[in-house]
Amino acid sequence: EVCRRIRANSHVPVVFLTGRDDEVDQLLGFGFGADDYIVKPFSPRTLVARVKALLRRTSAATTAAATGDISPEHTGDTMVSHAILSFAGLQIDTEAYQVTRFGKAIDLTAKEFQLLKYFAERPGKVLTKRQLVTGAWGEEYFGDDATLMVHLSHLRQKLGDSSEGLSLIVTIRGIGYKFIPQPEEVPDRCSVTPPNQPKQ
51 EVCRRIRANS HVPVVFLTGR DDEVDQLLGF GFGADDYIVK PFSPRTLVAR VKALLRRTSA
111 ATTAAATGDI SPEHTGDTMV SHAILSFAGL QIDTEAYQVT RFGKAIDLTA KEFQLLKYFA
171 ERPGKVLTKR QLVTGAWGEE YFGDDATLMV HLSHLRQKLG DSSEGLSLIV TIRGIGYKFI
231 PQPEEVPDRC SVTPPNQPKQ
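Per our numbering, the sequence shown runs over residues 51 to 250.
Shown next, in the form of structure tokens:
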């Protein structure tokens, strides 16, 4: 209940420290909005390292939003701005941490948002689990693939992905995952809309 209230009003990172190691409990924790889930017993050094890594990423994102740093970067042949990633039917505001699909707001946790942003900045590219973990949690992350899979599962559910071929995020067996906007969502290609400037 506390985590839900925090998530309803803030993007502050939330870490669960618990003795419950059952998978169902972990799924519930992430479902409530946890950014990390650490089971007792754990090494104090590991705990400190994971909290510091989480705070660094949160601080960097907050600073970028406050200073309006939207310098572009190139990912393959697509230029991506740290502003609004815009596809027909899907918009990702990387500064306001807001996502809409067909005009409807999608409530994502901080980690789900980071995953979607990482995917959307690399449309059509196959990404391994290791790349996704590094992209969303950072290179210092000590967790396993299970944490990624839980967040990814929740993200796909919230995006309305299905097993009938109507998925934005598809599984590439034995390799990883790929972000493929549907034809009705991308008439041409991924476009970028700078802040306070309407799409052309």
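Where is the CB? At the ideal position from N, CA and C, for every residue including glycine.
Given a length threshold of 3 residues, each whole run of the beta strand (DSSP E) inside the region 81–110 is given here in chain order: 86–89. For the options 156, 164 and 191, the alpha carbon positioned closest to that of residue 102 is the one of 191. DSSP, read as helix, strand or coil, puts residue 152 in coil.
Pairing residue 224 with residue 195, the inter-Cα distance amounts to about 14 angstroms.
In the assembly as shown, residue 64 is a buried residue. Its beta-carbon has 16 or more other beta-carbons within 10 Å. Taking C-beta atoms as the reference points, residue 89 and residue 69 count as a pair closer than 8 angstroms. For residue 228, the enclosing beta strand (DSSP E) has its first and last residue at 226–229.
Looking only at 228, 75 and 52, the smallest Cα-Cα distance to residue 168 is reached by 228. A Cβ-Cβ distance of about 7 angstroms is found for the pair residue 148 and residue 155, placing them in contact under the 8 angstroms criterion.
Of the residues 182, 92, 75 and 80, the one whose Cα lies closest to the Cα of residue 226 is 182. In terms of Cβ geometry, residue 219 and residue 206 form a close pair [threshold 8 angstroms]. Taking each of 160, 159, 170 and 161 in turn and checking the Cα distance to residue 142, the smallest one comes out for 170. For residue 72, there is no enclosing beta strand (DSSP E), as DSSP marks it with neither H nor E.
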